[in-house]
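Shown next, in structure tokens, is the structure this report addresses.
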DNA sequence: GTCGGGCCTCTGGG
DNA sequence: ACCCAGAGGCCCG
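Numbering (this note's numbering), first residue to last: 551 to 911.
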């Protein structure tokens, strides 16, 4: 994956998550000043205490208590806002495999070369201005983006037109912004408007951005923990477990969409979007089958991790996924160039969230 | 505000 | 062989 202007390779074994980084020529950090580790921890959002959060959500909501898995975690990525925006525009009416391929095509065709790793070239995610040039829509159609080609092109134009830093100005000021350049324009939130609502509304003006995509960008890209993306699956859950789908809220209209989000926010509070993702994940049939079938048996858990840890192909998908499943606290070793170096601190194994893959277990 | 129809492309199921 | 619904939606009228 590309992370803050460098190539980062990730892989893992049952005990550790490993990474190594390659910087563009001339931009190599001086000795002991590679900040990849903190950036990675920030990106994967590894700091919050999952056990405590789960306890809070369970105390507030019996359904969550009943359905949420006990021994796995789901974490919300802290993605770059622009990347999240484009990624989720691509996600409409689409599956994860294809979305990943589309993101990859954007990087290869429009992103700056970062350098090579293992003999292979890697490209950064393109800037808005890179995608706001004539012929982009046509080209993206040829590349298989379908009707989303126009959305990406038009949204890129709109963002490129705006003041520099506009998108990051919609960010939650409470949320840590590690690695994000300071914004000159700063606060784009209108007076008297609560931050999340305002950010959501601003995003809706962009082409290809409806309420669901706007909430994904708010949650994953802008640090608004209370954003609750209501997709078809969450809508099913809301109907089955939270008494929606009848009377006033019989269909998923705009008003109903907001009502579902408000309900979850009132239940789960400031990190409602996180809780919702946990519940969502827990509800996936294949996933829950896996959980009940294999209890905390150590070997079996390890098998799961192994299957996910198969190198380069996984790297893209980890970046693209809206959620990352994280196992219990482990350690992260640091790996440099071709040989491993002494481990630094941390934790966590990352498991890709992907329904299709899960079937293979 | 709500409601249908259409949209790129791929895939699994009748 | 063929059609159709669905994929973590959105736009337009």
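Where is the CB? At the ideal position from N, CA and C, for every residue including glycine.
{"Item": "Nearest residue (CA-CA) to residue 771, options 821, 634 and 700", "Value": "634"}
{"Item": "Proximity below 7 Å, CB of residue 557 to CB of residue 664", "Value": "yes"}
{"Item": "Straight-line gap, residue 566 to residue 559 (C-alpha atoms, nearest Å)", "Value": "14 Å"}
{"Item": "Segment limits, alpha helix (DSSP H) that includes residue 827", "Value": "822-833"}
{"Item": "Burial state of residue 570 (16 or more Cβ within 10 Å)", "Value": "buried"}
{"Item": "Residue 832 versus residue 762 - alpha carbon distance", "Value": "20 Å"}
{"Item": "Buried or exposed (CB count within 10 angstroms, at least 16 for buried), residue 717", "Value": "buried"}
{"Item": "Supposed contact pair residue 607 and residue 825 - C-beta distance, whole angstroms, cut 8 Å", "Value": "4 Å"}
{"Item": "3-residue-minimum beta strand (DSSP E) runs that sit fully inside the segment 767-824, ordered along the chain", "Value": "none"}
{"Item": "Residue(s) in a DSSP beta bridge with residue 572", "Value": "557"}
{"Item": "Among 584, 668 and 707, the one whose alpha carbon lies nearest that of residue 636", "Value": "707"}
{"Item": "N-terminal and C-terminal residue of the alpha helix (DSSP H) that residue 626 is part of", "Value": "Where residue 626 is concerned, there is no enclosing alpha helix (DSSP H), although the beta strand (DSSP E) it sits in stretches over 623-626."}
{"Item": "The segment 746-763 touching the segment 610-623, judged by at least three CB pairs closer than 8 Å", "Value": "no"}
{"Item": "Coarse secondary structure for residue 757, derived from DSSP in three states", "Value": "coil"}
{"Item": "For residue 666, three-class secondary structure by DSSP", "Value": "strand"}
{"Item": "Bridge-paired residues (DSSP) for residue 562", "Value": "567"}
{"Item": "Residue range of the alpha helix (DSSP H) that includes residue 724", "Value": "Where residue 724 is concerned, there is no enclosing alpha helix (DSSP H), given that its DSSP letter is neither H nor E."}
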